[in-house]
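Here the protein sequences line up with chains S and R, keeping their order.
Positions in the first sequence are counted from 1; adding 4 to them yields our numbering.
Positions in the second sequence are counted from 1; adding 4 to them yields our numbering.
By construction, the Cβ of each residue, glycine as well, lies at the ideal position given by its N, Cα and C atoms.
This one's a predicted model, so the numbers in the text were calculated from it and none came from an experiment.
Quick notes on the structure that follows.
2 protein chains.
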Amino acid sequence: MPSSFADRLAEAVRRLGSPVVVGLDPRWEELPEALRSRRGNNYESKAAAYGIFCREVIDVVAPLVPAVKPQAAFFEELGPPGMTALAEVIAHAHARGLLVIVDGKRNDIGSTATAYARGYLGRGQSAWNADALTVSPYLGDDSLVPFVDVAHERGAGLFVLVKTSNPGGGMLQDIVSDGQPLYRRVAEHVEQLAAGAAGDCGYGSIGAVVGATYPAQLAELRAAMPHAWLLVPGYGSQGGTAADVAGGFDEGGLGAIVNNSRGILFAYRRPEYAERFGAVRWQAAAEAATLDMIAQLRAETRAGRLGQA
Amino acid sequence: MPSSFADRLAEAVRRLGSPVVVGLDPRWEELPEALRSRRGNNYESKAAAYGIFCREVIDVVAPLVPAVKPQAAFFEELGPPGMTALAEVIAHAHARGLLVIVDGKRNDIGSTATAYARGYLGRGQSAWNADALTVSPYLGDDSLVPFVDVAHERGAGLFVLVKTSNPGGGMLQDIVSDGQPLYRRVAEHVEQLAAGAAGDCGYGSIGAVVGATYPAQLAELRAAMPHAWLLVPGYGSQGGTAADVAGGFDEGGLGAIVNNSRGILFAYRRPEYAERFGAVRWQAAAEAATLDMIAQLRAETRAGRLGQA
Numbered sequence: 005m006p007s008s009f010a011d012r013l014a015e016a017v018r019r020l021g022s023p024v025v026v027g028l029d030p031r032w033e034e035l036p037e038a039l040r041s042r043r044g045n046n047y048e049s050k051a052a053a054y055g056i057f058c059r060e061v062i063d064v065v066a067p068l069v070p071a072v073k074p075q076a077a078f079f080e081e082l083g084p085p086g087m088t089a090l091a092e093v094i095a096h097a098h099a100r101g102l103l104v105i106v107d108g109k110r111n112d113i114g115s116t117a118t119a120y121a122r123g124y125l126g127r128g129q130s131a132w133n134a135d136a137l138t139v140s141p142y143l144g145d146d147s148l149v150p151f152v153d154v155a156h157e158r159g160a161g162l163f164v165l166v167k168t169s170n171p172g173g174g175m176l177q178d179i180v181s182d183g184q185p186l187y188r189r190v191a192e193h194v195e196q197l198a199a200g201a202a203g204d205c206g207y208g209s210i211g212a213v214v215g216a217t218y219p220a221q222l223a224e225l226r227a228a229m230p231h232a233w234l235l236v237p238g239y240g241s242q243g244g245t246a247a248d249v250a251g252g253f254d255e256g257g258l259g260a261i262v263n264n265s266r267g268i269l270f271a272y273r274r275p276e277y278a279e280r281f282g283a284v285r286w287q288a289a290a291e292a293a294t295l296d297m298i299a300q301l302r303a304e305t306r307a308g309r310l311g312q313a
Numbered sequence: 005m006p007s008s009f010a011d012r013l014a015e016a017v018r019r020l021g022s023p024v025v026v027g028l029d030p031r032w033e034e035l036p037e038a039l040r041s042r043r044g045n046n047y048e049s050k051a052a053a054y055g056i057f058c059r060e061v062i063d064v065v066a067p068l069v070p071a072v073k074p075q076a077a078f079f080e081e082l083g084p085p086g087m088t089a090l091a092e093v094i095a096h097a098h099a100r101g102l103l104v105i106v107d108g109k110r111n112d113i114g115s116t117a118t119a120y121a122r123g124y125l126g127r128g129q130s131a132w133n134a135d136a137l138t139v140s141p142y143l144g145d146d147s148l149v150p151f152v153d154v155a156h157e158r159g160a161g162l163f164v165l166v167k168t169s170n171p172g173g174g175m176l177q178d179i180v181s182d183g184q185p186l187y188r189r190v191a192e193h194v195e196q197l198a199a200g201a202a203g204d205c206g207y208g209s210i211g212a213v214v215g216a217t218y219p220a221q222l223a224e225l226r227a228a229m230p231h232a233w234l235l236v237p238g239y240g241s242q243g244g245t246a247a248d249v250a251g252g253f254d255e256g257g258l259g260a261i262v263n264n265s266r267g268i269l270f271a272y273r274r275p276e277y278a279e280r281f282g283a284v285r286w287q288a289a290a291e292a293a294t295l296d297m298i299a300q301l302r303a304e305t306r307a308g309r310l311g312q313a
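Written out as structure tokens, the structure is:
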């Protein structure tokens, strides 16, 4: 196994010819009826259902994608039982050969940031065993140092929020000062961190979150951060298309991983899959949606140039 | 019990004549030897020690302060057992009559933000039962809406990061655009949210985090956000003094709560308390440090004008 997160990610993306990340966002109201109806409505029961649901998703997508991205919020919503389910889901993803990016958007200062970093980063080296974690930059460069140090020390990765996919993200991220939007400053900082420790694949383990819903900025940020992996949310239910994310890939088809959560997890509720599969075959619907997304990215982006084993 | 977080906080601050928040940041290396030595070194044992430590701190500070602020990072560092300890610590603080501000600096977009808000906010109404939560604004105004809505619905509170206490906070927070630093924009947004739903005490339940280490900005932000409670970190071990936080209080001595974590929790290691109490009487040292901090704030700030029961 390559020692840096960046190289492990590149290896998996190339091997599978797939830059897709499946976001594990269990949402109680959208879970297949069979998983909801056989259980009570308390936190423990819901957490158990989330665990089963995510493990079953992992089982179908593991041969197809390099990584899953559990969204901490949905597990945290259930309190301690949810956190236990999160840990189990991470372990199951690893057992199935997947990289795990914990989406926690954590940040704090000094030794508190170190506690987050030590707690999350590093498979077999931390309580949560994440291969990578999303972090927020609002507290500034010194708040990122402990995360970067621990990531490098443990061969783990980070994705720093740069340009998020939501409409209101621009409130702070687009503020222009000295002719430069704020997100570009964050991007320059991320590029420095990434370039300082680039792996064999050409990318470093400090990456950036850039939303699929801003295609022009995605291409701009691909150019501004030539050493940073981009984690691209906003595909599918948020409106981002394969054409929208095309600008995120480099010439060889590497450099971006595109997340889809609801569009895959709850594909059985989407018109294009509902009739073919129905709620009972929700796993098959998730698998089909993953395959369709991979095909779309291969057809409409440079991800089509990725070699396949 | 008043229905808004802002009014409950004002009632407690006035009743006790104390604007002090005790930050619950258990750090393994700094725990009293007796708590470390009788246990193993695994996550479960450490989490159990954190639980005992925080409950014993709570027992001595509960008659003296309105609120405690558990720092999620230190509990998360220990994985699921740490999260169970966090839930127990919150329950114990409530049993002792304290308000609980969970310091998680959470943020996300849309329904993910809603999951965080529903999971954390509201005593007896959420898995974590927090009276208030710290949140980050990097994702913009729409990312705060779900937190604000749930807070209002449940009589809970928020503290939005505005100007943090660390040296590097200025990297983004001090960026000037149209003659205004970024933190002022965030402050204006917080003031709007706070003013829109101010309670009987004159303050709303949407407050701001403003560090003690920037006294001039603290006074500036007190004026800019007349309806927002300020949660002031950075006192004590980060260098902030009573004089530094003076600008955070309004004419009547309300409006700011000042956090101290290490300076109280680990007072037994500080020269001024070590000899008097020693490691064995670490609880008495924490109590003395709390009383000293209250006395300093009463002597050197308008908190001295708070009525006492």
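Check your understanding: Looking at C-alpha atoms only, which residue of Ala66(R), Ile62(R) and Glu33(R) is the closest neighbour of Leu90(R)?
Key -> As a working mapping, residue 90(R) is identified with position 86 in the second sequence. If we check each option's Cα against that of Leu90(R), Ile62(R) comes out closest.
**Study point:** CB contact below 7 angstroms: Ala16(S) versus chain R
**Key:** Indexing the first sequence from 1 puts residue 16(S) at position 12. Closer than 7 angstroms: no.
Exercise for review: Return the chain-ordered ranges of every alpha helix (DSSP H) run that is complete within the region 18 to 49 of chain R and spans a minimum of 4 residues.
Suggested key: 37 to 41
Review point. Interface residues of chain S around Ile261(R) at Cβ under 8 angstroms?
Key: Taking the second sequence and counting its residues from 1, one reaches residue 261(R) at position 257. Within chain S, no residue comes near Ile261(R); the closest Cβ sits about 18 angstroms away, beyond 8 angstroms.
Exercise for review: Closer than 6 angstroms by C-beta to Asp1(R): which residues in its own chain qualify, once you throw out the five before and the five after it? Chain order, please.
Suggested key: The shown model of chain R, from 5 to 313, leaves out residue 1(R), and the question about it has no answer.
Review point. List, in order along the chain, the chain S residues whose C-beta lies closer than 8 angstroms to that of Glu276(R)?
Key: Translated into positions along the second sequence, residue 276(R) becomes position 272. Simply none; closest approach about 22 angstroms.
**Study point:** chain R within 7 angstroms of Arg122(S), Cβ atoms only
**Key:** The sequence position of residue 122(S) within the first sequence is 118, counting from 1. Interface residue (Cβ-Cβ distance to chain R less than 7 angstroms): Arg122(S) is classified as such.
Exercise for review: State buried or exposed for Arg188(S), treating a residue as buried only when at least 16 other CB atoms are found within 10 Å of its CB.
Suggested key: Residue numbering aside, residue 188(S) sits at position 184 when the first sequence is read from its first letter. With 16 or more Cβ atoms within 10 Å of its Cβ, Arg188(S) is classed as buried.
Point to revise | DSSP three-state assignment for Thr138(R), whether helix, strand or coil | key: Position 134 of the second sequence, counted from the first residue, corresponds to residue 138(R). Thr138(R): strand per DSSP, three-state reduction.
Check your understanding: Taking Cβ positions, are Glu317(R) and Ala227(R) nearer each other than 7 angstroms?
Key -> Residue 317(R) lies beyond the residue range present for chain R, which begins at 5 and ends at 313; the question has no answer from this structure.
Point to revise | Proximity below 7 angstroms, CB of Gly159(S) to CB of Ser8(S) | key: Locating residue 159(S) in the first sequence gives position 155, where the first residue counts as 1. Locating residue 8(S) in the first sequence gives position 4, where the first residue counts as 1. It is a contact, given that the beta carbons lie within the stated cut-off.
Review point. What did DSSP end up calling Tyr239(R) once you bin it into helix, strand or coil?
Key: For the purposes of this step, residue 239(R) is identified with residue 235 of the second sequence, where counting begins at 1. Reduced to three states, the DSSP call for Tyr239(R) is strand.
Check your understanding: Using CA coordinates, which residue listed in Ala77(S), Ile179(S), Leu148(S) and Gln184(S) is at the minimum distance from Tyr124(R)?
Key -> Indexing the second sequence from 1 puts residue 124(R) at position 120. Closest option to Tyr124(R), Cα to Cα, is Ala77(S).
**Study point:** Option nearest Val93(S) by Cα separation, candidates Gly311(S), Phe270(S), Val25(S) and Glu60(S)
**Key:** By one-based count along the first sequence, residue 93(S) stands at place 89. Nearest of Gly311(S), Phe270(S), Val25(S) and Glu60(S) to Val93(S), Cα basis: Glu60(S).
Practice item. Determine which residues share a DSSP beta bridge with Val72(R) and list them. Key: Here residue 72(R) is taken as the residue at index 68 of the second sequence, counted from 1. The partner list for Val72(R) (beta bridge, DSSP) reads Val26(R) and Val104(R).
Practice item. Using alpha carbons as the reference points, say which of Gly21(R), Gly173(R), Arg302(R) and Ser130(R) lies closest to Val154(R). Key: Translated into positions along the second sequence, residue 154(R) becomes position 150. Closest by alpha carbon: Ser130(R).
Check your understanding: Where does the unbroken beta strand (DSSP E) through Ile261(R) begin, and where does it stop?
Key -> Position 257 of the second sequence, counted from the first residue, corresponds to residue 261(R). Run containing Ile261(R): Ala260 to Asn264, per the beta strand (DSSP E) assignment.
Check your understanding: Is it right to say Ala212(R) is buried, meaning 16 or more other beta carbons lie within 10 angstroms of its own, or is it exposed?
Key -> On the second sequence, position 208 is the one that residue 212(R) refers to. Ala212(R) should be labelled buried.
Check your understanding: Just by C-beta distance, which residues in the region 133 to 158 of chain S are closer than 7 angstroms to chain R?
Key -> Ser140, Pro141, Tyr142, Leu143, Gly144, Asp145, Asp146 and Ser147
Check your understanding: DSSP beta-bridge partners for Ser181(R)?
Key -> Locating residue 181(R) in the second sequence gives position 177, counting from the first residue. Per DSSP, Gln184(R).
Check your understanding: Count the other CB atoms within 10 Å of the CB of Asp204(S); is the residue buried (16 or more) or exposed (fewer)?
Key -> Working through the first sequence from its first residue, we reach residue 204(S) at position 200. Flag for Asp204(S) reads exposed.
Exercise for review: Give the DSSP-derived three-state secondary structure of Ser209(S) in the structure shown.
Suggested key: As a first step, residue 209(S) is located in the first sequence; it is residue number 205 there, counting from the start. It is a strand residue.
Review point. Which value, in whole angstroms, describes the spacing of the CA atoms of Val190(S) and Leu39(S)?
Key: By 1-based counting over the first sequence, the position of residue 190(S) is 186. By 1-based counting over the first sequence, the position of residue 39(S) is 35. Spanning the alpha carbons of Val190(S) and Leu39(S) requires a straight line of approximately 42 angstroms.
Check your understanding: So is Val166(S) buried or exposed if we call it buried at 16+ other beta carbons inside 10 Å?
Key -> Against the first sequence, residue 166(S) aligns to sequence position 162. With 16 or more Cβ atoms within 10 Å of its Cβ, Val166(S) is classed as buried.
**Study point:** Length of the line joining the Cα atoms of Gln184(R) and Val180(S)
**Key:** Position 180 of the second sequence, counted from the first residue, corresponds to residue 184(R). Position 176 of the first sequence, counted from the first residue, corresponds to residue 180(S). In a straight line, the C-alpha of Gln184(R) is about 11 angstroms away from that of Val180(S).
**Study point:** Cut-off 7 angstroms between Cβ atoms - residues of its own chain near Ala313(R), not counting five sequence neighbours on either side
**Key:** Start at 1 with the first residue of the second sequence, and residue 313(R) comes out as number 309. In this prediction, Ala313(R) has a pLDDT of 41, which is less than 50 and means its spatial position is unreliable; nothing more can be read from the coordinates.
Check your understanding: From the beta carbon of Phe270(S), is the nearest beta carbon of chain R less than 7 angstroms away?
Key -> As a position in the first sequence, residue 270(S) is number 266, starting the count at 1. For Phe270(S), no CB of chain R lies under 7 angstroms from its own CB, so it is not counted at the interface with that chain.
Review point. Excluding the five sequence neighbours on either side, which residues of its own chain have a C-beta within less than 6 angstroms of the C-beta of Arg306(R), listed in chain order?
Key: On the second sequence, residue 306(R) is found 302 positions in, with the first residue counted as 1. Same-chain partners within the cutoff: Phe253 and Gly257.
Check your understanding: Anyone know if the C-beta pair for Asn263(S) and Gly27(S) falls short of 7 angstroms?
Key -> Position 259 of the first sequence, counting from 1, holds the residue named residue 263(S). Position 23 of the first sequence, counting from 1, holds the residue named residue 27(S). Closer than 7 angstroms, so yes.
Check your understanding: When DSSP labels each residue in this structure, what does Leu310(R) get in the three-state scheme?
Key -> To locate residue 310(R), count along the second sequence from 1; it is residue 306. In the structure shown, Leu310(R) sits in coil (DSSP, three-state: anything other than H, G, I, E or B).
Check your understanding: Who are Gly123(S)'s beta bridge partners in DSSP?
Key -> Within the first sequence, residue 123(S) is the residue found at index 119, counting from 1. Partner(s): none; Gly123(S) has no beta bridge.
**Study point:** Cα-Cα separation, Gly308(R) to Ala95(S)
**Key:** Along the second sequence, one-based indexing puts residue 308(R) at 304. Along the first sequence, one-based indexing puts residue 95(S) at 91. Distance between the alpha carbons of Gly308(R) and Ala95(S) is about 53 angstroms.
Check your understanding: Are the C-beta of Pro30(S) and some C-beta of chain R separated by less than 7 angstroms?
Key -> In the first sequence, counting from the first residue as 1, residue 30(S) sits at position 26. Residue-level contact check: Pro30(S) does not touch chain R, since none of the beta carbons of chain R fall below 7 angstroms from its beta carbon.
Check your understanding: Looking at the structure shown, is Glu255(R) part of a helix, part of a strand, or coil, going by DSSP?
Key -> Reading the second sequence from its first residue, position 251 is the one you call residue 255(R). In this structure, Glu255(R) counts as coil in the three-state DSSP scheme.
Check your understanding: Hey, would you say Lys109(S) sits closer than 7 angstroms to Asp135(R), going by beta carbons?
Key -> By 1-based counting over the first sequence, the position of residue 109(S) is 105. By 1-based counting over the second sequence, the position of residue 135(R) is 131. It is not a contact, given that the beta carbons lie outside the stated cut-off.
**Study point:** Nearest-angstrom Cα separation, counted from His193(R) out to Thr138(R)
**Key:** Here residue 138(R) refers to the residue found at position 134 of the second sequence. Here residue 193(R) refers to the residue found at position 189 of the second sequence. Taking the straight line from one Cα to the other gives about 15 angstroms.
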